[in-house]
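Undergrad:
Numbering (the numbering used here), first residue to last: 28 to 301.
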């Protein structure tokens with residue numbers, strides 16, 4: 028079941044700008060026992076995206092929670108863990124790229140079964156580097172906008188051969204996975220790509236950066252060249268649906284998951300029910 032602007036629907040307009048231009052934003056949110064996880068963080072990112080893209084949409088958390096409750100009531104056959112997807116487009120119309128006046132944003136909400144990640148959280152997943160590049164978005168870097176073509180092409184390149192693939196920018200610096208942010212350990216410290224020009228600033232990534240000092244962990248944001256990956260001793264993949272996934276293999280090289288990366292996972296999962 029889907030809700031379109033709060034009403035049950037299965038279709039959108041063929042003139043929708045999200046379809047035509049990727050003109051919009053989206054959030055994917057883990058829901059556990061009826062409660063959306065990292066809810067305030069997701070709403071904050073959605074508000075920032077609306078501000079930067081000038082989409083006239085009021086991010087009303089209470090209204091969205093009411094709609095989530097309706098979706099949950101209609102999905103009782105599913106498990107206690109779901110993924111809520113919120114898609115926000117600028118709406119329909121306009122000639123070419125020019126905006127219609129007035130225009131009304133379109134909000135789409137859908138609920139799906141959450142992936143089972145218990146095993147891979149414990150055992151770790153394999154990762155390989157990809158040739159597909161992450162695009163640079165300048166002022167819009169970090170947003171979870173609807174322009175995801177490079178992730179689609181990266182997923183095609185990955186073709187299920189590993190759990191995740193790593194993407195680099197045009198300068199050869201690590202950006203992110205096809206669907207995750209990255210944390211690395213080199214036996215001295217933990218670091219993560221800066222995401223100043225490319226990538227998605229995931230809400231779990233930011234949660235970790237905000238809480239690391241309290242946990243006694245030093246985490247630096249840095250430009251990470253491809254060659255640097257040969258020296259790392261540990262790696263974690265993170266996103267707000269799967270939590271923290273340790274990496275057990277990078278391009279065929281075995282990595283240790285029983286290290287500070289495991290400590291990071293334990294700190295996060297103690298506070299958030301992934």
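Glycine included, each C-beta is placed from N, C-alpha and C at the ideal position.
(1) So residue 222 and residue 216 are in contact, right, with Cβ under 8 Å, and what is the actual spacing, rounded?
(2) Opposite residue 248 in the DSSP bridges: which residues?
(3) Work out the CA separation of residue 127 and residue 121 for me, nearest whole Å.
(4) Could you say which of 62, 107, 83, 79 lies nearest to residue 89 if we only look at CA atoms?
(5) Look at the alpha carbon of residue 114 and the alpha carbon of residue 33, and state the distance between them as a whole number of angstroms.
(6) Please classify residue 27 as buried or exposed, where buried requires at least 16 other C-beta atoms within 10 Å of its C-beta.
(7) Note down, in chain order, each residue of its chain lying with its Cβ closer than 7 Å to the Cβ of residue 278, except the 5 sequence neighbours on either side.
(8) If we call anything under 8 Å between Cβ atoms a contact, is residue 116 one with residue 169?
(9) Looking at the structure shown, is residue 280 part of a helix, part of a strand, or coil, going by DSSP?
(10) At the level of alpha carbons, what is the spacing between residue 29 and residue 187?
(11) Terminal residues of the continuous alpha helix (DSSP H) containing residue 79?
TA: On the basis of the data shown:
(1) Incorrect: roughly 18 Å between the Cβ atoms, too far for contact.
(2) Residue 248 is bridged to 219.
(3) Just so you know, the alpha carbons of residue 121 and residue 127 end up roughly 4 Å apart.
(4) Among 62, 107, 83, 79, the Cα nearest to that of residue 89 belongs to 62.
(5) So the alpha carbons of these two residues sit roughly 12 Å apart.
(6) Beyond the ends of the chain as shown, which are 28 and 301, falls residue 27; an answer cannot be given.
(7) Only 155, 156 meet the Cβ criterion.
(8) No, the Cβ-Cβ distance between residue 116 and residue 169 is not below 8 Å.
(9) In this structure, residue 280 counts as strand in the three-state DSSP scheme.
(10) In a straight line, the C-alpha of residue 29 is about 28 Å away from that of residue 187.
(11) That run of the alpha helix (DSSP H) goes 66-80.
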